[in-house]
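Going by the working numbering, the sequence shown opens with residue 1127, and the numbers climb by one from there. Think of the CB as a built atom: it goes at the ideal place given N, C-alpha and C, for glycine as much as any other residue.
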Amino acid sequence: MACSSVVHFPAMIIMPSTKFKIHQKPPQIRAHNYRDEGKSRHVVDENLQVLRERIEEVKMKERLEKCFVCDKQGWNYTATTAALYLKKKRKKQLDQFIELLWVVGGTIGFTFLGCTLCLYLTSLLIHFN
1127 MACSSVVHFP AMIIMPSTKF KIHQKPPQIR AHNYRDEGKS RHVVDENLQV LRERIEEVKM
1187 KERLEKCFVC DKQGWNYTAT TAALYLKKKR KKQLDQFIEL LWVVGGTIGF TFLGCTLCLY
1247 LTSLLIHFN
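Right, here's the structure in full:
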């Protein structure tokens, strides 16, 4: 007697969803060879130029936003003089210098404190032995 096993798999129904179909143009795939190097280099240069222009636009918008202050009545221009700019710049540099001194001083202080603690513990171990 030969036994044969029959395996039943559940049927999978695949229904295409027309609701979510997005018709996209398939991307063009193009092989590059040594003759296309000059053309592709020009395309890259053009793209970089466009990118540089967009970066300049964003920088200009940021500069303009810094000059304007939103007020309840509307946009008011805040005048900035060279003296005010230099004063802010010097204050920023002074703050950075103080922060640097704080970090260096703290590092040196913790180093001395750690070394002193190690010497103290070493002398205690030697004294008790």
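Please return the same chain residues whose Cβ sits closer than 8 Å to the Cβ of residue i, not counting the five positions on each side in sequence.
| i | result |
| --- | --- |
| Val-1176 | none |
| Val-1170 | none |
Using a Cβ-Cβ cut-off of 7 Å (strictly less than) and excluding sequence neighbours within five positions of residue i, which residues of its own chain qualify?
| i | result |
| --- | --- |
| Thr-1237 | none |
In chain order, what residues of the same chain lie with their CB nearer than 6 Å to the CB of residue i, ignoring the 5 residues before and after it?
| i | result |
| --- | --- |
| Leu-1247 | none |
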